[in-house]
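Written below as structure tokens is the structure these notes are about.
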Amino acid sequence: IGRDTFRTAYFYFKGTSKLDNATTYIYESGATRLFLVTDDTNTYCYIEQNNQRYGVSNFVIENPNGQNFVYENVKYNFQSITQIIYITPQNAIMMPDTIKDTLFSRLIVYESGLQNYTLVYDNGYVKIYKIRR
813 IGRDTFRTAY FYFKGTSKLD NATTYIYESG ATRLFLVTDD TNTYCYIEQN
863 NQRYGVSNFV IENPNGQNFV YENVKYNFQS ITQIIYITPQ NAIMMPDTIK
913 DTLFSRLIVY ESGLQNYTLV YDNGYVKIYK IRR
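Per this note's numbering: the sequence shown = residues 813 to 945.
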């Protein structure tokens, strides 16, 4: 994949499909489709564009009832991308992997590495932190 391909993108939720024990959540951004597949033992994510499939090695699934589910360095048998995808029930946001260690991603996406912050409010969409002294 070229350096600028899949740098950032915003995907809208389109629906689900079910096959045996697997549920697939489908998101779209123009002609590009994002698939989140879950079953009893595995969770994985991939993108399809121009009849090409790309694994998503780093993705986070929002959990409004607790800490988000983080999947890092997921391996695929086909080409994969390093960008981070943050997945919610309504949409998915692709971000450059260079923001992984920023305060924004630690507070909102990963919800970890927050020794100096205390979460005081979280309704699943808005998070408010208090700075510890």
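By construction, the Cβ of each residue, glycine as well, lies at the ideal position given by its N, Cα and C atoms.
Note that the structure is a prediction, hence the values are computed from the model and not measured.
Taking Lys830 as the centre and dropping the five residues before and after it, the same chain places the C-beta of Thr836 closer than 8 angstroms to its C-beta, in chain order. When DSSP states are grouped into helix, strand and coil, Arg865 belongs to the strand group. For Lys830, the enclosing beta strand (DSSP E) covers residues 821 to 831. With a threshold of 16 other beta carbon atoms within 10 Å, Ala904 meets it and is buried. With a minimum length of 3 residues, the unbroken runs of beta strand (DSSP E) contained wholly in the region 887 to 915 fall at 892 to 899, 903 to 907. Selection Arg845, Asn875, Val882 evaluated against Asn863 yields Arg845 as nearest (Cα-Cα). Annotation for Val849: the continuous beta strand (DSSP E) segment containing it runs 844 to 850. The three-state reading of DSSP puts Leu919 in helix, counting H, G and I together.
Rounded to whole angstroms, the separation of the alpha carbons of Asp913 and Asn928 is 15 angstroms. According to DSSP, residue pairing for Tyr937 in a beta bridge does not occur.
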